[in-house]
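Student: Here it is, the structure, as structure tokens.
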Amino acid sequence: MKIRIEKLICDLFPYSRSEVKKLISAKRISVNGEILKKAINVDPEIDEIYLDDMIIKNNEETIYMLNKPSGYLTANFDNFKPTVFDLVDLDARKYFAFGRLDFDTEGILLIGKDGKLAHQLLSLKHHVAKTYYLEAKNAFSEKLKNHYPKPIDIGEGDIIKDYKFEFIDDNKAYLTIYQGKYHQIKRMITAFDNEVIYLKRISFGPINLDENLALGEWRSLTKQEIQALYDEIAK
């Protein structure tokens, strides 16, 4: 459905119509790869609309939150193991997970159809935080505590430079990461001669896991939560 671009941007951002006109004059808005020279009607479901390097969507497309249990692959299809799409009533040919959780990891997993939003949320450029609760087999060593917050070499040429630990017990901690290396958290703990025995993601960017969702349950995000995701990549 066509809509005036001023109204679209005013609905999504704290701009007045006059401020949107200034954005157009400053050549900060583009539609389908062309810098906008004047206000026009656009279809946000069809047109690619950018404010600077951020794609603009009308937020009517639903995104879902799943409280993923252990024992499910983050995949659309698999011939041998159950996938997260066995838990949700969504078409696996049209939807996909925003990032991945390991087979034995629990917690918040976002599912939607907006590939560009997913890419931006996972891009290192936007520095989107993911926070996990973890339990280790043994108590965290003084070596690890003294090493933090210096970079951690997890092998195979991967160096983790940006992370945050909050130690809450001898073998329990919250860990926030910004990258998405293969088995990253498990490898970070293994680097200090320990082992992760339980892992749960409790937040993805500005979205916290809904405590009312039991394992395997899911719900749609609110409009405010969806907007928070777009605000996150606008930073």
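Residues 19 to 253 (the working numbering) make up the sequence shown, in order. Every residue, glycine too, gets a C-beta built ideally from N, C-alpha and C.
What three-state label does DSSP hand Asp171 in the structure shown?
Tutor: Within the sequence shown, the letter at position 153 stands for residue 171. DSSP places Asp171 in strand when its eight states are reduced to three.
Student: Quick one, which of Tyr150, Leu69, Val106 has its alpha-carbon nearest Asp120's?
Tutor: Position 102 of the sequence shown, counted from the start, is the residue given in the question as residue 120. With distances taken between Cα atoms, Asp120 lies closest to Tyr150.
Student: Check for me: the beta strand (DSSP E) holding Ser48 runs from which residue to which?
Tutor: Here residue 48 refers to the residue found at position 30 of the sequence shown. Ser48 -> beta strand (DSSP E) spans 47 to 49.
Student: Determine whether the beta carbon atoms of Gly234 and Pro87 lie at a separation below 7 Å.
Tutor: In the sequence shown, the residue the question calls residue 234 occupies position 216. In the sequence shown, the residue the question calls residue 87 occupies position 69. It is a contact, given that the beta carbons lie within the stated cut-off.
Student: Could you pull the start and end residues of the beta strand (DSSP E) that Gly133 belongs to?
Tutor: By 1-based counting over the sequence shown, the position of residue 133 is 115. That residue, Gly133, is in no beta strand (DSSP E); its alpha helix (DSSP H) goes 133 to 140.
Student: Going by Cα to Cα distance, which pick from Ile73, Asn94, Met206, Tyr113 is closest to Ile81?
Tutor: In the sequence shown, the residue the question calls residue 81 occupies position 63. Residue Tyr113 is the option with its Cα nearest to Ile81.
Student: Output the distance between the C-alpha atoms of Glu258 and Leu108, rounded to the nearest integer angstrom.
Tutor: Outside the shown range of the chain (19 to 253) lies residue 258, about which nothing can therefore be said.
Student: Closest to Arg111 by C-alpha separation, out of Ser36, Met206, Ile23, Lys131, would be which residue?
Tutor: For the purposes of this step, residue 111 is taken as residue 93 along the sequence shown, with counting starting at 1. Out of Ser36, Met206, Ile23, Lys131, Lys131 has the C-alpha closest to the C-alpha of Arg111.
Student: Please report the straight-line C-alpha distance between Pro167 and Lys179, rounded to a whole angstrom.
Tutor: Taking the first residue of the sequence shown as 1, we reach residue 167 at position 149. Taking the first residue of the sequence shown as 1, we reach residue 179 at position 161. If you take the alpha carbons of Pro167 and Lys179, they lie about 8 Å apart.
Student: Out of curiosity, what's the CA-to-CA distance linking Val146 and Thr194?
Tutor: Your numbering for residue 146 matches position 128 in the sequence shown. Your numbering for residue 194 matches position 176 in the sequence shown. Cα to Cα, the separation comes out at about 10 Å.
Student: Relative to the C-alpha of Glu243, which candidate in Arg205, Lys143, Ser36, Gly223 has its C-alpha closest?
Tutor: Taking the sequence shown and counting its residues from 1, the one referred to as residue 243 is at position 225. Per the Cα distances, Gly223.
Student: Give a single yes or no on whether Leu139 has its beta carbon closer than 6 Å to a heavy atom of the ligand SAM.
Tutor: For the structure depicted, the ligand SAM is absent and the ligand set is empty, with no information on it obtainable.
Student: Looking only at C-alpha atoms, which of Tyr181, Glu160, Ile251, Gly51 sits nearest to Lys148?
Tutor: Here residue 148 refers to the residue found at position 130 of the sequence shown. That would be Tyr181, whose Cα lies nearest to the Cα of Lys148.
Student: Would Asn94 pass as a contact of Phe103 if the rule is Cβ separation under 7 Å?
Tutor: What you label residue 94 is simply residue 76 of the sequence shown in a count that begins at 1. What you label residue 103 is simply residue 85 of the sequence shown in a count that begins at 1. Going by C-beta atoms, Asn94 is nearer than 7 Å to Phe103.
Student: By alpha-carbon positions, which one of Asp171, Glu79, Ala232, Lys56 ends up nearest to Tyr248?
Tutor: Translated into positions along the sequence shown, residue 248 becomes position 230. Cα-wise, what sits closest to Tyr248 is Glu79.
Student: Helix, strand or coil: which one does DSSP assign to Phe210?
Tutor: In the sequence shown, the residue the question calls residue 210 occupies position 192. Of the three classes helix, strand and coil, the one that applies to Phe210 here is coil, per DSSP.
Student: Could you spell out the range, first to last residue, of the alpha helix (DSSP H) harbouring Leu41?
Tutor: Looking up residue 41 in the sequence shown gives position 23. It spans 35 to 43 - the alpha helix (DSSP H) in which Leu41 sits, taken as one unbroken run.
Student: Go ahead and pull the three-state DSSP assignment for Gly234.
Tutor: Indexing the sequence shown from 1 puts residue 234 at position 216. Correct three-state label for Gly234: coil.
Student: With which residues is Asn85 paired in a DSSP beta bridge?
Tutor: Here residue 85 refers to the residue found at position 67 when the sequence shown is read from its first residue. DSSP, once it has assigned bridges, lists Ile126 as partnering Asn85.
Student: Tell me, to the nearest whole angstrom, how far the beta carbon of Ala191 is from that of Phe158; I am working on the premise that it is less than 8 Å.
Tutor: By 1-based counting over the sequence shown, the position of residue 191 is 173. By 1-based counting over the sequence shown, the position of residue 158 is 140. So it is a contact: roughly 7 Å between Cβ atoms.
Student: With which residues is Ser221 paired in a DSSP beta bridge?
Tutor: Numbered from 1 along the sequence shown, position 203 holds the residue referred to as residue 221. Bridge partners of Ser221: Thr149, Asn226.
Student: Taking buried to mean at least 16 other C-beta atoms within 10 Å of its own C-beta, is Tyr200 buried or exposed?
Tutor: Residue numbering aside, residue 200 sits at position 182 when the sequence shown is read from its first letter. Tyr200 should be labelled exposed.
Student: Compare the beta carbon distance of Leu18 and Ile220 with 7 Å and say whether it is the shorter of the two.
Tutor: Residue numbering for the chain in the displayed model covers 19 to 253; residue 18 lies beyond these limits and cannot be assessed.
Student: Between Arg22 and Asn50, how many whole angstroms is the CB-CB distance? I'm expecting something under 8 Å.
Tutor: Here the question's residue 22 lines up with position 4 in the sequence shown. Here the question's residue 50 lines up with position 32 in the sequence shown. Not really, about 17 Å apart at Cβ, beyond 8 Å.
Student: Quick check: the Cα distance between Glu24 and Val38, rounded to an integer number of angstroms?
Tutor: Counting from 1 along the sequence shown, the entry for residue 24 is found at position 6. Counting from 1 along the sequence shown, the entry for residue 38 is found at position 20. About 6 Å.
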